[in-house]
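In order, the protein sequences belong to chains A and B.
Our numbering puts the first sequence at residues 1 to 285.
Our numbering puts the second sequence at residues 286 to 623.
We put the beta carbon where it would ideally sit given N, CA and C, even for glycine.
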Amino acid sequence: MKADESLVYSTTEKVSGWRLFIKTILARSYPRIIGQQREKSWIFFEIFMPMLAVSAYVFVYRAIGAPEEYVGFVVVGGAMTAFWMNVLWSMSSQLYWEKEQGNLALYIMSPNSMMAVLLGMALGGMVATALRAVAIIVLGTILFNVQFTVTSFSQLFAVFLLAMTALYGMGMMTASLFLLLSREAWHISNLAQEPIYLVSGFYFPIKSFNFWVAAAASFIPLTLGLDAMRQLIFPSGAALGFLNVTVEITVLVVLCIVFLTGAKFLLDYMERLAIREGRITESRR
Amino acid sequence: MSNYAIETQDLGRVYKIRGNKKESQIRKELIALEGVNLTVERGELFGLLGPNGAGKTTLIKILTTLLSPTSGWARVADQDVSESPHLVRPRINMVSGGESSGYGLLTVRENLWMFSQFYGMNSKIANDRIVELLKMVGLEDRIHTKSSDLSTGLRQKMNIVRGFLTDPQVLFLDEPTLGLDVGASRDVRKLIRGWLDANKSRTLLLTTHYMVEAEELCDRVAIINKGKVLACDTPANLKRKLQRDAIFEVETSPLNGLTPQSLQDQPEVRKAASTQIEGGAKLELILAEESALASVINILTQKDIKVMRLTKREPTLEDVFMDLVGARMEDVEKGGEE
């Protein structure tokens, strides 16, 4: 088979500006949306395993005669856990992994914005994880007969979108931070996993904490996101909610701004440091 | 627009190396590049030749905007790499030997397509070019193979395709044929030549420590060692400087403790190096006068070393390197590792 050398050697038009930004986001999300589905082990580790934890809480709540809404709380919490795990293990450590792989230097050297690369990672992670979250909700709903009563679809959509933006914004910010911390990042991820399960109320309403603990836990965007979603999809959700949904939406908007701005700042800092010291783009492979 | 695709002036880079915790206050300095002045014309295939640790990769990192110089300046495609990296980046690309970039879960085509998008290429054109480039490097039958399933050599071919795919004005290839077999290296060299010949405004900077590769491909070569450019000219001109010298290869029985330095101490012996071969040693000698060979043979005989084979040959870039540095490139690399 002979190659069409004229095509290979010809010059090529390229786009720049916002069109390059969008192309980069879509291209970088591709490995997560398409590539990650090729390893079928995710069905076991990311759906079956979380379902075991959800089931354990459901059986405990039923055994102690807790209100039936608690079962729904746990199922929704279990689904949202998938996003937290994705941010903690994939998003935050991603730049470090990209560096080790040799991709980070190629990203910095290419004409696209590093922010677009990170947004692509976030979008890809979000879409791929949404598949897992939906699977957990569907399975949980069928297995434990969960009843949903949505009071406001628009607010529910806004809360989900804001919680995801803030959460992945936090992931983008910690990605640069973890890169600077190098291998210590793994220890931080390990350290953060369980305490955050507890304080963000994945399996129970955070109203159970005192106000200040719940307020501090609200720094994790999923805490308020989850609380607001529960208020919007379960009849007794509002009574068990931490803050009014409108207040929670406002706080989530603030968190989105803080985390995305922080991500941009840290990314710029990381890139400057990489170029000044030359060690961040140095792969150990 | 300048005639130069790459221009550097007094370019230097010093790394500050932190000590361990106890010595955290002490920062050592490593001079990776020092006073590098280079000009590479548009359309030129320029080679950087030097042993590992000579500063080739540091220079490439500066030119590709990945590292800032600590002194001097560099311009690529008419733009200063430190002041306007955003203007340099759309015009360049780089491939390093042995890199493991991309994602193992993606196929060869998907990985290449992804990188093409980071440069703003039209998807259809990118996909067409991927197919054609893969044909040229003999990888078309692996287009739908996951990159994690590729051997090191095939993966390197994929990386090379990535470099050419985005049609850069200046392409940097850092040891591109590292790990490739003879046939694959030949395909890559053909691709490099064809790509440059098709458009005279394209420029390619290649680093290698394969002398033959530099000799076969490069219009001009800079020999670099310990961060300094020792010579820069066409391979023919570099070799011509040695043409008045006589270059001999002498295969002998074991050297019985004789060092190349003791031969070099002889008058008219400009440079001497030895390599161990099966059953003995191979001496490479650069002699100012052919008559100096007699004194070398004399020393060998005194040490009871037998001469098995003696060949006079034309100078190579390896000889040029030996003449400039005082040791063969292989020996410099071994010395660096120790």
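Own chain residues within Cβ distance below 7 Å of residue i, not counting five before or after
i                      : result
residue 448 of chain B : 378, 379, 380, 456, 458
residue 108 of chain A : 114, 271, 274, 281
residue 386 of chain B : 444
residue 373 of chain B : 350, 361, 362, 364, 366
residue 609 of chain B : 508, 515, 516
residue 453 of chain B : 376, 377, 378
Residue i to residue j span [Cα, whole Å]
i                      : j                      : result
residue 515 of chain B : residue 506 of chain B : 11 Å
residue 212 of chain A : residue 26 of chain A  : 40 Å
residue 83 of chain A  : residue 158 of chain A : 17 Å
residue 354 of chain B : residue 182 of chain A : 24 Å
residue 217 of chain A : residue 152 of chain A : 25 Å
residue 269 of chain A : residue 136 of chain A : 38 Å
residue 222 of chain A : residue 161 of chain A : 11 Å
residue 179 of chain A : residue 145 of chain A : 43 Å
residue 394 of chain B : residue 252 of chain A : 40 Å
residue 580 of chain B : residue 533 of chain B : 13 Å
residue 91 of chain A  : residue 245 of chain A : 28 Å
residue 440 of chain B : residue 277 of chain A : 29 Å
residue 493 of chain B : residue 461 of chain B : 8 Å
residue 592 of chain B : residue 499 of chain B : 32 Å
residue 438 of chain B : residue 12 of chain A  : 28 Å
residue 51 of chain A  : residue 202 of chain A : 13 Å
residue 414 of chain B : residue 483 of chain B : 15 Å
residue 192 of chain A : residue 78 of chain A  : 17 Å
residue 244 of chain B : residue 409 of chain B : This structure leaves residue 244 of chain B out entirely; chain B is present only between 286 and 623.
residue 207 of chain A : residue 451 of chain B : 55 Å
residue 204 of chain A : residue 98 of chain A  : 36 Å
residue 313 of chain B : residue 263 of chain A : 33 Å
residue 582 of chain B : residue 597 of chain B : 14 Å
residue 300 of chain A : residue 53 of chain A  : In this structure chain A extends from 1 to 285, so residue 300 of chain A is not present and cannot be described.
residue 528 of chain B : residue 573 of chain B : 10 Å
residue 478 of chain B : residue 590 of chain B : 46 Å
residue 412 of chain B : residue 17 of chain A  : 22 Å
residue 369 of chain B : residue 293 of chain B : 15 Å
residue 184 of chain A : residue 248 of chain A : 33 Å
residue 284 of chain A : residue 316 of chain B : Confidence is the limiting factor: at residue 284 of chain A the pLDDT is only 48, short of 50, which leaves the residue's position unreliable, though a coordinate-based value still follows. Residue 284 of chain A and residue 316 of chain B: Cα-Cα distance of roughly 21 Å.
residue 342 of chain B : residue 336 of chain B : 11 Å
residue 154 of chain A : residue 196 of chain A : 28 Å
residue 418 of chain B : residue 138 of chain A : 46 Å
Supposed close pair residue i, residue j - CB separation, criterion 8 Å
i                      : j                      : result
residue 347 of chain B : residue 359 of chain B : 6 Å
residue 330 of chain B : residue 491 of chain B : 7 Å
residue 259 of chain A : residue 126 of chain A : Rounded, the Cβ-Cβ distance is 14 Å, inconsistent with contact.
residue 465 of chain B : residue 383 of chain B : The pair is not a contact, with the Cβ atoms about 10 Å apart (cut-off 8 Å).
Contact set for residue i: own chain, Cβ-Cβ below 6 Å, skip 5 residues either direction
i                      : result
residue 281 of chain B : In the structure displayed, chain B extends from 286 to 623; residue 281 of chain B sits before or after that span and is not available.
residue 577 of chain B : 553, 554
residue 476 of chain B : 421
residue 565 of chain B : 537, 538, 539
residue 70 of chain A  : 61
residue 328 of chain B : 485
residue 433 of chain B : 389
residue 29 of chain A  : 120, 123, 124
residue 504 of chain B : 329, 330
Neighbourhood of residue i by C-beta, 8 Å cutoff - its chain only, sequence neighbours within 5 removed
i                      : result
residue 613 of chain B : 558, 560, 569, 603, 606, 607
residue 623 of chain B : Only weak support exists for where residue 623 of chain B lies, its pLDDT of 35 falling under 50; the value from the coordinates is given anyway. Cβ within range, chain order: n/a, list empty.
residue 15 of chain A  : 23
Interface partners of residue i on chain C, CB under 7 Å
i                     : result
residue 20 of chain A : Judged by its chain identifiers, the structure shown contains no chain C, and its protein chains are A and B.
Any non-hydrogen atom of the ligand GDP within 7 Å of residue i CB
i                      : result
residue 491 of chain B : Because no ligand of any kind appears in the structure shown, any question about the ligand GDP cannot be addressed here.
Please give me, in chain order, every unbroken run of the alpha helix (DSSP H) with length at least 4 that falls completely inside the stretch 379-442 of chain B. 393-402, 408-421
Interfacial residues, the stretch 24-47 of chain A to chain B, with Cβ spacing under 8 Å: 24, 26, 27, 28, 30, 31, 34, 35, 36, 38, 39
By the 8 Å beta-carbon criterion, what residues does the stretch 82-109 of chain A contribute toward chain B? 101, 102, 103, 105, 106, 107, 108, 109
Please go through the stretch 318-367 of chain B and give each complete beta strand (DSSP E) segment of 3 or more residues, from N-terminal end onward. 330-334, 356-361
For the stretch 147-165 of chain A, which residues have a CB atom closer than 9 Å to at least one CB atom of chain B, in sequence order? none
Mind listing, in chain order, the continuous beta strand (DSSP E) runs of no fewer than 3 residues lying wholly within the stretch 469-498 of chain B? 488-493
Quick one: which residues of the stretch 594-609 of chain B get their C-beta closer than 7 Å to a C-beta of chain A? List them in chain order. none
Can you list, in chain order, the residues of the stretch 344-355 of chain B whose Cβ is nearer than 8 Å to any Cβ on chain A? 346, 349, 350, 351, 352, 353
For a minimum of 4 consecutive residues, which ranges assigned as the alpha helix (DSSP H) are wholly contained in the stretch 191-249 of chain A? 211-217, 221-233, 237-240
Any residues in the stretch 108-135 of chain A with a beta carbon nearer than 9 Å to a beta carbon of chain B? Which ones, in chain order? 108, 109, 110, 111, 112, 116, 117
Compile a chain-ordered list of the residues in the stretch 447-472 of chain B whose CB is closer than 9 Å to at least one CB of chain A. 447, 449, 450, 451, 452
Cβ-based contacts, 7 Å cut-off: residues of the stretch 502-533 of chain B near chain A: none
Residues of the stretch 260-282 of chain A with Cβ closer than 7 Å to any Cβ of chain B, in chain order: 275, 276, 278, 281
Interface positions of the stretch 535-557 of chain B facing chain A (Cβ-Cβ less than 8 Å), listed along the chain: none
At 4 residues or longer, what runs of the alpha helix (DSSP H) sit wholly inside the stretch 98-150 of chain A? 103-109, 114-144
Near-chain B residues of the stretch 199-231 of chain A - C-beta to any C-beta below 8 Å: none
Output the residue ranges of the alpha helix (DSSP H) runs that lie fully inside the stretch 14-76 of chain A and measure 4 residues or longer, sorted by chain position. 17-33, 49-63
Please name the residues in the stretch 166-189 of chain A whose beta-carbon is closer than 9 Å to at least one beta-carbon of chain B, in chain order. none
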